[in-house]
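Enquirer:
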Amino acid sequence: MSPDLPSTAALLSATFPGSRVGDEAYLRWLYEASPFGTVVEANLDDDQGRAGHYAVVPVALTQDGAPQVGALSVNTAVAERARGGGTFTRLAEEAFVRARARGVQRVVGVANANSTPGFLRRLGFRLVGPLPASIVVPTPGRARGIDSGW
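Mind the numbering: the sequence shown is residues 25 to 174 in my numbering, read in order.
Below you can see the structure in the form of structure tokens.
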């Protein structure tokens, strides 16, 4: 396990309370066990611990049928004490430099409503469109589980 993983997990848990994004086992799987390669990350630490984190994980992409070395933007978190000074942008740019050094040609992401403006204006992402989502509620009394598909 990465020595920084507990610090990252603590920041993600504090930034997104109630979410499992800060679960160390999940982060170990996502950041260290991917078949495409390990995480590319940039962090900001201060005397109180991890204050900022930005990560992309390698993924296989294609463009017009040709393989591309890609990365998926997965986790962005900045503690309240580090907000307002461009921390998000600096960390993302640092991670992108590291990703390029590892051969990454494209970064894709699905940003939430709070992060989308920063991805578009500060990081130069292009908006493809909203990601439609559906909520499926199980029918009470049915013994069968929920199936999902295209």
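Cβ coordinates follow ideal geometry from the N, Cα and C atoms, glycine included.
1) If residue 116 and residue 78 are in contact, beta carbons under 8 Å, what's the gap, nearest whole angstrom?
2) Three-state secondary structure (DSSP) at residue 91?
3) For residue 99, count neighbouring Cβ atoms within 10 angstroms of its own Cβ and tell me buried if that reaches 16, exposed if not.
4) Compare the beta carbon distance of residue 83 and residue 60 with 8 Å and say whether it is the shorter of the two.
5) If I'm right that residue 66 touches residue 119 with Cβ under 8 Å, what's the distance once you round it to whole angstroms?
6) Can you tell me the Cα-Cα spacing of residue 138 and residue 81, whole angstroms?
7) Starting from residue 56, follow the alpha helix (DSSP H) in both directions and report where the run begins and ends.
Expert: Considering the structure as presented:
1) 5 Å
2) strand
3) buried
4) yes
5) 4 Å
6) 21 Å
7) 48-56
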